[in-house]
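Here's the structure, in structure tokens; my notes come after.
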Amino acid sequence: MAKMGRPKTENPKSSKISIRFTDEEFEQLKKRADQNNQTITETIREGVRQLFETKQQ
């Protein structure tokens, strides 16, 4: 019988965090995500990557 479910990825995302935002911060985040046609998670990841790139320079 064939395996069911989602295929395995080469780089699984196994770490999870929880963040609390003010209502204003959350609205700004949602607006930014919508403008970029991204999910909130994708927008946060992009921001973290930019932070790391800035710190390395």
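Note that the working numbering numbers the sequence shown so that position 7 is 8, with each residue one more than the last.
Ideal Cβ placement from N, Cα and C applies to all residues, glycine included.
Around F22, the same chain offers L30 as residues with beta carbons nearer than 7 Å, after the five sequence neighbours per side are excluded. Boundaries of the alpha helix (DSSP H) around K31: 24–36. T44 is a Cβ neighbour of N37, given a cutoff of 8 Å.
The beta carbon of T40 sits closer than 8 Å to those of A34, all from its chain and outside the five residues before and after it, given in chain order.
As the crow flies, the alpha-carbon of T42 is around 11 Å from that of K17.
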